[in-house]
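Engineer: To start, I am sharing the structure in question, which I have written as structure tokens.
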Amino acid sequence: MKLHRLELTGFGPFRERQVVDFDAFDADGLFLISGRTGAGKSSILDGVSFALYGSVPRYEGGDRRLRSDHSFLTDPTEVRLEFTVGGTRWRVTRAPEYERPAKRGGGLTLEPARAELEEWVDDRWVGRAAKQREVGIALDEVLGLSAQQFQQVILLAQNKFSRFLLAANAERQQLLRTLFGTKRFEAYKDALDERRRDAQKRLDETGARVRTLLEVAEREVAAHDLHGTDKGDAPLESDVLGRKDAVERALARAEYRVDARGNERAVATSRAEAAAAEHRRLVQIAERLADLEKARTDLSARESESPEIDALRGRLDRARAAEALRAPVENATRAAGVLAAAQTDRRAAEDACNAAGGSPDDDLAATVDDLTSRIARAQAAAEAERDAAALGDAQQRRRDELAGLDEALRDLDAVLSAVPERRQRAAKQLAEARAIAGRHDDLAASRIDLAARLDAARSLERLTPRAADADAAYVDANAASAAASARVGELLRRRLRGYAGELAASLVDGEPCAVCGSTTHPRPAVHDSEPVTDDDLAAAEKARDDAAAAEKDAARAAAAAREAVTTAAATAGGRGADDLAAALADLDDELAAAAAARSRVDELTRDAEQIDALEADAVRETAALRERAGALREELATVEGTLQTARRAVEAARGDHESVAARIAADEELRRLAARLLEARRDEQTRREAADAAAGDRDARIADTVFETLDDVVAALLPAHETSRLAHRVEEHAAALNAARARALELELETVDAHVEPEALAAAARAAAEADEARSAAIAAEADSVNVATGLRDLVERIDAAAGAVASQAEDAAAITRLADTVAGRAPNTMKMDLETFVLAAELEEIVAAANLRLAEMSSGRYTLRHSDAKQARGAASGLSIEVLDAHTGRLRSPQSLSGGETFLASLALALGLAEVVTSRAGGIRLDTLFIDEGFGSLDPETLELAMRTLDELRAGGRIVGVISHVEAMKEQIPAQLVVEATPEGPSIVRQDVVAQPLG
């Protein structure tokens, strides 16, 4: 980007139009903008920024402050800048909002802000945008830099570029975020937080299911007293693992209880006498023998089913074999059905042909051809028939038209006889209306004047008290403004008297003094009164500015109110509102009557004209109708002979039919039916061949199988569900038979040599009778314990499955949470650095590296900037700190510990490094113009020389560098200068020896 020409009119300290030609400094590359303090050096840069962005870096207020205080009310305010970007030359013109004299009515009016953007094309300026918003959008695309970026890379404004070096981490982060547009990384962090919350929600829902199952299991444990001997407090409701372990221990107790109930059953029997024990043994043997007998019976039953199963197996095998023939059989069946349908169609076609007079035994192709020839011969007769019908219809229409013409002629004769009387009556009414309408224009002019005077009289009644209130408000605002200005002066005087005390109040032990640099403060000054802080002074200044603005607004309001009262009184002419209203009402009545008469004149004039036109039209129409009637009579006589000849020809061609067209239609129908029968016979033959082929394929496939006939195949076919049922029945029987054989064999082996003597069993029965009741009770208790253990085991399995899902989801949630916390700068991110800060830290590292290339030379190798990502105190975000390495001490220092000159050099190097990085991120635009505002006054001669050498290097590649300073040494070293001088009258001027002519 290269600046060419800047024009300032009524802007800042400049009242008259001032021109700055930057192209005049191309040969030098480095130029100085000099002048006394307050002359307006920085206002040149303000003009550049305002032209490009509509704002200036030094002001936080609105555009009103940009207008020169030296400008007269009629003077314009405007800034125009010519510049080149990417080989295209542009010219932008802006004007802020300001007050100017009103063109009508006196007083002041607000001139709106305006903007215009033009492009230099084919040796002329072509407009591209003419509204503020459109100009702003266009310049954003052309420049590729925001206002913030522009002030950091091209316009290093006064007291601005050192801000980046000395800023706290939070302020530096905000500035870098604006320059590099990293706000999107904040959106990434928010998206991860949302995913973290969703994962936690899913985990909570699954955990709730686990807790619900645990509650059911715990109720079962409590209902059956399975807590056992657990000691200590019960697990908390939130301790899912503890509660799960407790349920698992209760399951173990339930299973143990099952075993215990079995043992109790044995114990109940063992407590019996020896006879009872023997009886139990004999009963067990008897049970085994009974089981053996039952198994033998079951095996016999299964074996007796074998013939039935064999039959089912054979049927299943035939069904599976027949299934392979299902497709050929179905294809043959479908082909036979299609053949039957074709035969039906053929028979229907024969019947239709017979009904129409044809014969199926005829040569159908020859019949179709003969009918086609006969139809063609009948077409000429049909055309004659249609012509005869059309001629008859035309003759009837002529007769009807002739009758209508005779009736119309009689009506026209009646109209012409009534015309003279109507013309005389219309002329009389027109003369009367014109006499009344003649006064309308005079009455209308009188009403406009009277209505204006009435409005002015009514406005005067409202405006008089308002003008008094506005004058009172102006007096109050004037007093308040004077008091606020006095308050600011008093605070400034107090602050000057106690500045040393104020500086002492800001000292902190261990931190360097801003004046001497010492970290110890043995004798700080004491403030002799309450200190005046920056906030106090800023508040007083704001109050003063607000009061001044209020006074100005009140003055304008009072002047406008007085002017409005004067104007209204003059217009009213001394008459009251009621008097004027009554006069206006009378005048409105007269004006309404004149307007009605004027409308009546126009209406009557049109009536007279219509009477004349009606008479002329009636005469013309009568002549035309008589001529048409004669022509119709001649046509009727001529066409009648032609019509009779055509009718005789049609009668001969029609034959026995109602018409020639009917005869053609009958022949066409017979031809269509004959063609249909011919096509049906061909289709039948095609379907018969297809049916024979399908039947042959089916029979060939059946011959290769175990089936003798088609009926055998159809009988063997089974539905799919029946085949599945038979297969299941066969497999089920085989499994049951094998199981019965295995059970019988097992019992045979168990009861080898086992037998029971009847005498021994009878002797033991008496002793076992009492033990039998105890054993029955023990068996019942055992069954109950088994049911409880089974139910509890099912709950534990479901709890384990749900807990496994919780573990999986907990792992996922933990991973997402760790990632979200790390990106957000929370633990386990020990550096407290979120994703956006990490990206900005990488950018800052590049900025520092670029800055050190110049700082090393400017500081003679003493100072090097270091990017630090050290963790900050009190939980602050880390990653954006800047430290200074002092080669003389080998230690790192805070940038705030540098002297004024050192701070300037470091800030300049950092600002240039920042400009390079931001430029590369903005698409690598070329920066052909650079400005640096102030800061050189704090440098000693040697350091100033190093700074000048750096500035000289910036000229490489055709770049122009503008420096704003009042340092005398720089005036001597930089011959190319732009001088800003304040004239004795107040406004400043720009003095430049060489100025090029503008384009266009």
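In numbering that gives the first Met the number 0, the protein residues as written are 0 to 999. Think of the CB as a built atom: it goes at the ideal place given N, C-alpha and C, for glycine as much as any other residue.
1) Along the beta strand (DSSP E) that carries Asp932, what are the first and last residues, could you check?
2) Is the Cβ-Cβ distance between Arg681 and Ala348 less than 7 Å?
3) With the cut-off set at 7 Å, would you say Ile153 and Leu977 are in Cβ contact?
4) Whole angstroms is fine: what's the gap from Asp552's alpha carbon to Ala981's?
5) Start and end of the alpha helix (DSSP H) containing Thr532?
6) Taking C-alpha atoms, which residue in Thr463, Gln147, Leu672, Glu133 lies nearest to Thr566?
7) Under a three-way DSSP split, which group does Gly824 fall into?
8) From Leu415 to Thr621, what does the alpha carbon distance come to, in whole angstroms?
9) Give every residue of the same chain whose Cβ lies closer than 8 Å to the Cβ of Arg452, excluding the five residues on either side of it in the sequence, and list them in chain order.
10) Measuring straight from C-alpha to C-alpha, what distance separates Glu98 and Ala547?
11) Checking contacts by CB at 7 Å: is Phe13 closer than that to chain B?
12) Rounded to the nearest angstrom, what separates Arg990 and Val979 at their Cα positions?
13) What does DSSP give as the partner residue(s) for Ser867 in the beta ladder?
14) Taking buried to mean at least 16 other C-beta atoms within 10 Å of its own C-beta, is Ala563 buried or exposed?
15) Taking just the CA atoms, how far does Glu730 sit from Ile308?
16) Do you know how far the Cα of Gly34 is from the Cα of Gly961?
17) Let me confirm a value: Ile663 is counted as buried when at least 16 other C-beta atoms fall within 10 Å, else exposed. Which label applies?
18) Keeping to the same chain, check which residues put their C-beta closer than 6 Å to that of Gln428; ignore five residues upstream and five downstream.
19) DSSP has Thr205 in a bridge; who is on the other side?
20) Any chance you could list the beta strand (DSSP E) runs of at least 3 consecutive residues sitting entirely within the region 691 to 763, in chain order?
21) Hey, is the region 187 to 199 in contact with the region 901 to 921, meaning 3+ C-beta pairs nearer than 8 Å?
22) My assumption, with CB atoms under 8 Å, is that Val487 sits in contact with Ala539. Please give the rounded CB distance.
23) Classify His223: buried if its beta carbon has 16 or more other beta carbons within 10 angstroms, exposed otherwise.
24) Please say whether Leu298 and Ala804 have beta carbons closer to each other than 7 Å?
25) By a C-beta neighbour count over all protein chains shown, 10 Å radius and 16 as the cutoff for buried, is Val712 buried or exposed?
26) When you compare each of Leu411, Ala483, Glu941, Met0 to Glu856 by their alpha carbons, which one comes out closest?
27) Locate the beta strand (DSSP E) running through Ile963, then write down its first and last residues.
28) Taking a contact to mean a Cβ-Cβ separation below 7 Å, would you say Ala267 touches Ala777 in this structure?
29) Which runs of the alpha helix (DSSP H) fall wholly inside the region 17 to 77 and span at least 4 residues, in chain order?
30) Have a look at Asp68, Thr836, Leu891 and flag the residue whose alpha-carbon is nearest the alpha-carbon of Lys182.
31) Can you tell me whether Ile988 is helix, strand or coil according to DSSP?
32) Taking the C-alpha atoms as reference points, what is the distance between Val1009 and Glu133?
33) Among Leu631, Pro12, Thr8, His3, which residue has its Cα nearest to the Cα of Pro983?
34) For the alpha helix (DSSP H) containing Ala338, name the first residue and the last one.
35) Ends of the beta strand (DSSP E) at Gly860?
36) Using 7 Å as the threshold, is the C-beta distance between Glu842 and Phe179 below it?
Structural biologist: In terms of the structure at hand:
1) Locating residue 932 in the sequence shown gives position 933, where the first residue counts as 1. Start and end: 928 to 932.
2) Mapped onto the sequence shown, residue 681 falls at position 682. Mapped onto the sequence shown, residue 348 falls at position 349. No; because the gap between Cβ atoms is not below 7 Å, this pair is not in contact.
3) Mapped onto the sequence shown, residue 153 falls at position 154. Mapped onto the sequence shown, residue 977 falls at position 978. For Ile153 and Leu977, no; Cβs fall outside 7 Å.
4) Here residue 552 refers to the residue found at position 553 when the sequence shown is read from its first residue. Here residue 981 refers to the residue found at position 982 when the sequence shown is read from its first residue. Looking at the two C-alpha atoms, the distance is approximately 30 Å.
5) The count along the sequence shown starts at 1 and reaches residue 532 at position 533. First-last for Thr532: undefined, no H or E at that position.
6) Residue numbering aside, residue 566 sits at position 567 when the sequence shown is read from its first letter. Closest option to Thr566, Cα to Cα, is Thr463.
7) The residue labelled residue 824 in the question sits at position 825 within the sequence shown. Of the three classes helix, strand and coil, the one that applies to Gly824 here is coil, per DSSP.
8) Here the question's residue 415 lines up with position 416 in the sequence shown. Here the question's residue 621 lines up with position 622 in the sequence shown. Computed Cα separation, rounded: 10 Å.
9) Within the sequence shown, the letter at position 453 stands for residue 452. The residues are Thr570, Ala571, Gly572, Arg574, Leu579.
10) Along the sequence shown, read from residue 1 onward, the residue named residue 98 stands at position 99. Along the sequence shown, read from residue 1 onward, the residue named residue 547 stands at position 548. Going by the C-alpha atoms only, they are around 16 Å apart.
11) This model lacks chain B altogether; it includes just one protein chain.
12) For the purposes of this step, residue 990 is taken as residue 991 along the sequence shown, with counting starting at 1. For the purposes of this step, residue 979 is taken as residue 980 along the sequence shown, with counting starting at 1. About 6 Å.
13) On the sequence shown, position 868 is the one that residue 867 refers to. Partner(s): Ser880.
14) Taking the first residue of the sequence shown as 1, we reach residue 563 at position 564. Result: buried.
15) For the purposes of this step, residue 308 is taken as residue 309 along the sequence shown, with counting starting at 1. For the purposes of this step, residue 730 is taken as residue 731 along the sequence shown, with counting starting at 1. Taking the straight line from one Cα to the other gives about 10 Å.
16) Position 962 of the sequence shown, counted from the first residue, corresponds to residue 961. Position 35 of the sequence shown, counted from the first residue, corresponds to residue 34. Using only the alpha carbons, I get a separation of about 14 Å.
17) As a first step, residue 663 must be located in the sequence shown, where it is residue number 664. Buried.
18) On the sequence shown, position 429 is the one that residue 428 refers to. Hits under 6 Å: Leu603.
19) Position 206 of the sequence shown, counted from the first residue, corresponds to residue 205. Paired residues: none, contrary to the question.
20) none
21) no
22) Along the sequence shown, one-based indexing puts residue 487 at 488. Along the sequence shown, one-based indexing puts residue 539 at 540. Contact holds; Cβ gap of about 5 Å.
23) Counting from 1 along the sequence shown, the entry for residue 223 is found at position 224. Its Cβ being crowded by 16 or more others within 10 Å, His223 is buried.
24) Sequence index remark: in the sequence shown, residue 804 carries index 805 (1-based). Sequence index remark: in the sequence shown, residue 298 carries index 299 (1-based). It is not a contact, given that the beta carbons lie outside the stated cut-off.
25) The residue given as residue 712 occupies position 713 in the sequence shown. So Val712 counts as buried.
26) If you number the sequence shown from 1, residue 856 lands on position 857. Selected option, being the one with the closest Cα: Glu941.
27) Position 964 of the sequence shown, counted from the start, is the residue given in the question as residue 963. Here the beta strand (DSSP E) through Ile963 covers 959 to 963.
28) Numbered from 1 along the sequence shown, position 268 holds the residue referred to as residue 267. Numbered from 1 along the sequence shown, position 778 holds the residue referred to as residue 777. Going by C-beta atoms, Ala267 is nearer than 7 Å to Ala777.
29) 40 to 52
30) The sequence position of residue 182 within the sequence shown is 183, counting from 1. Checking every option, the nearest Cα to that of Lys182 belongs to Thr836.
31) Start at 1 with the first residue of the sequence shown, and residue 988 comes out as number 989. Strand.
32) No answer is possible for residue 1009: it lies beyond the span of the chain, which begins at 0 and ends at 999.
33) Along the sequence shown, read from residue 1 onward, the residue named residue 983 stands at position 984. The shortest Cα separation from Pro983 among Leu631, Pro12, Thr8, His3 belongs to Pro12.
34) Translated into the one-based positions of the sequence shown, residue 338 becomes position 339. A small fix is needed here, since residue 338 is Leu in this sequence, not Ala. Taken as a continuous stretch (DSSP letters only), the alpha helix (DSSP H) holding Leu338 covers 325 to 354.
35) Within the sequence shown, residue 860 is the residue found at index 861, counting from 1. Careful: Gly860 lies outside any beta strand (DSSP E) and carries neither H nor E.
36) Indexing the sequence shown from 1 puts residue 842 at position 843. Indexing the sequence shown from 1 puts residue 179 at position 180. Yes. Within cutoff.
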